[in-house]
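Counting from 1, position 81 in the sequence shown corresponds to residue 867 in this note's numbering; the numbering is continuous, with no gaps.
In this text, a Cβ means the ideal position worked out from N, Cα and C, and glycines have one as well.
Bear in mind that the values here come from a model prediction, so they are computed numbers and not experimental data.
Please read the structure below before turning to the comments.
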Amino acid sequence: MNPRKPHVDWDSLFGDDYDYFDLPDLTPELSGIEASSMVELGGFQPGSRLLDAPCGHGRHANVLASRGYRVVGIDRDERFLEMARDESEKMGVEVDYRHVDLREMSFEEEFDAAVSWYSSFGYFDDETDRDILRRYRRALRPGGRFLLDMHSPYRHIPSVLANHDMHVDVLRRGQDLAVDIQELDAEASRYYAEKITIRDGKVERARYSVRMFTAPEILEWFRTAGFSHARVMNETGGPFTVSSRRLVVLGTA
Ligand SMILES: C[S@@+](CC[C@H](N)C(=O)[O-])C[C@H]1O[C@@H](n2cnc3c(N)ncnc32)[C@H](O)[C@@H]1O
787 MNPRKPHVDW DSLFGDDYDY FDLPDLTPEL SGIEASSMVE LGGFQPGSRL LDAPCGHGRH
847 ANVLASRGYR VVGIDRDERF LEMARDESEK MGVEVDYRHV DLREMSFEEE FDAAVSWYSS
907 FGYFDDETDR DILRRYRRAL RPGGRFLLDM HSPYRHIPSV LANHDMHVDV LRRGQDLAVD
967 IQELDAEASR YYAEKITIRD GKVERARYSV RMFTAPEILE WFRTAGFSHA RVMNETGGPF
1027 TVSSRRLVVL GTA
């Protein structure tokens, strides 16, 4: 039995260390490519109404709006929403950004499609995450689609075997380091992580935990949440295998 409970230090995880270490890699080019993948993998129809949840700093929502989609973006982080609004102004596009917690989404059959991109699902306990999935389902009109992009659970295994039962990610920016240490709880199929940043010699720590799903398990969650159909694929829409970088799920309401 493991006494640990899911917990996330959101503000530390997505504070200015995120801007410093992570944002430079999330280039406009990458976001544009990912937005194209969403459209292709989700089969989003031109001009349709999309929910980007959570939208972060709007890197996909603004691009999708520039391509003619009608987009609502929600996030818990006001700072990210401000960045998203500033960028939408610069780009001359319109996105409806709202400060909404995923656990309180209450849209009813309003969207043709919804997307959760970049490992943004599975941070809460299972009951809460199942409830969030039901909320995505309720946000969709009948036949609407939900595209969920997550880490593959198998991605971590070689590193875990090599690192005393832990998965370790190291990101270096000059002399500064962001070290993400993830301890796997196999019984809960969840990793408990600590992100340690060392910047100008100053050390910051943020804890979080993320659920990892096998394909049959997440498909069962989709069915239980009321989706009439769901299937898994890899990041390019091909078959999901142990070598896939991402586990992508497409559910139909
Ligand atoms: C990994 S980022 C991904 C954001 C965006 N999809 C992207 O690709 O850049 C996860 C996001 O989830 C947001 N978030 C975390 N918990 C949330 C909650 N309970 N409700 C709404 N947003 C939340 C964070 O503020 C952050 O912007």
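Name the two residues that bound the continuous beta strand (DSSP E) containing Ser-1029.
-> Ser-1029 -> no beta strand (DSSP E), and no H or E assigned at all.
Assigned exposure category for Trp-796 - 16 Cβ within 10 Å defines buried | exposed
What is the DSSP secondary structure of Asn-788, reduced to helix, strand or coil?
-> Note that Asn-788 scores a pLDDT of 48, beneath 50, so its modelled location is shaky and nothing firm can be said.
Beta strand (DSSP E) containing Pro-928: first to last residue?
-> 926-937
Would you say Trp-1007 touches ligand 1, meaning its beta carbon is less than 7 Å from a heavy atom?
-> no
Take the Cβ of Leu-816 as the centre, count every other Cβ of all protein chains shown within 10 Å, and call the residue buried at 16 or more, exposed below.
-> exposed
State the DSSP-derived secondary structure class of Asp-805, mapped to helix, strand or coil.
-> helix
Tell me, please, which residues DSSP counts as bridged to Lys-1116.
-> Here the chain covers residues 787 to 1039 and nothing more, so residue 1116 does not appear.
State yes or no: is the C-beta of Ser-823 nearer than 7 Å to some heavy atom of ligand 1?
-> Because no heavy atom of ligand 1 lies under 7 Å away, the Cβ of Ser-823 does not count as near it: no.
Simplified DSSP state of Ala-812, which is helix, strand or coil = Looking at the sequence shown, residue 812 is not Ala but Leu. Correct three-state label for Leu-812: coil.
Residues near Glu-969 in its chain [Cβ-Cβ closer than 6 Å; skip 5 each side] | Counting only Cβ-Cβ distances below 6 Å, and skipping sequence neighbours, we find Met-952 and Tyr-978.
Is Gly-842 near ligand 1, judged by its Cβ being under 7 Å from some heavy atom?
-> yes
Go through its chain and collect everything with a Cβ distance to Asp-882's Cβ below 6 Å, but skip five positions before and after it.
-> Val-858
Using the rule of at least 16 other Cβ atoms within 10 Å of the residue's Cβ for burial, across every protein chain shown, is Lys-988 buried or exposed?
-> exposed
For Val-965, which of Asp-917, Arg-835, Asp-808 and Arg-790 has the nearest alpha-carbon?
-> Asp-808
In three-state DSSP terms, what is Val-849?
-> helix
I think Phe-830 touches Leu-837, with their Cβ atoms under 8 Å apart; what is that distance to the nearest whole Å?
-> Actually they do not touch by this definition, with Cβ atoms about 11 Å apart.
Would you tell me roughly how many angstroms separate the C-alpha atoms of Leu-812 and Ser-905, rounded to the nearest one?
-> 14 Å
Nonlocal neighbours in the same chain, by C-beta distance under 7 Å from Val-956, ignoring five residues either side | Leu-963 and Val-965
Tell whether a beta-carbon distance below 8 Å holds between Ala-847 and Ala-870.
-> In contact: Ala-847 and Ala-870 (Cβ atoms closer than 8 Å).
For ligand 1, is there a heavy atom less than 7 Å away from the beta-carbon of Ile-860?
-> yes
What number of angstroms, rounded off, separates the C-alpha of Leu-799 from the C-alpha of Ala-925?
-> 28 Å
Got a sec? Which residues, its chain only, sit under 6 Å from Gly-1037 by beta carbon, not counting five neighbours each side?
-> Phe-932, Phe-1008, Phe-1013 and Ala-1016
Excluding five sequence neighbours on each side, which residues of the same chain lie with their C-beta closer than 6 Å to the C-beta of Val-886?
-> Ile-860
Met-1019, enclosing beta strand (DSSP E) - first and last residue | Looking at the DSSP string, the run of the beta strand (DSSP E) that includes Met-1019 is 1015-1019.
What is the DSSP secondary structure of Thr-914, reduced to helix, strand or coil?
-> helix
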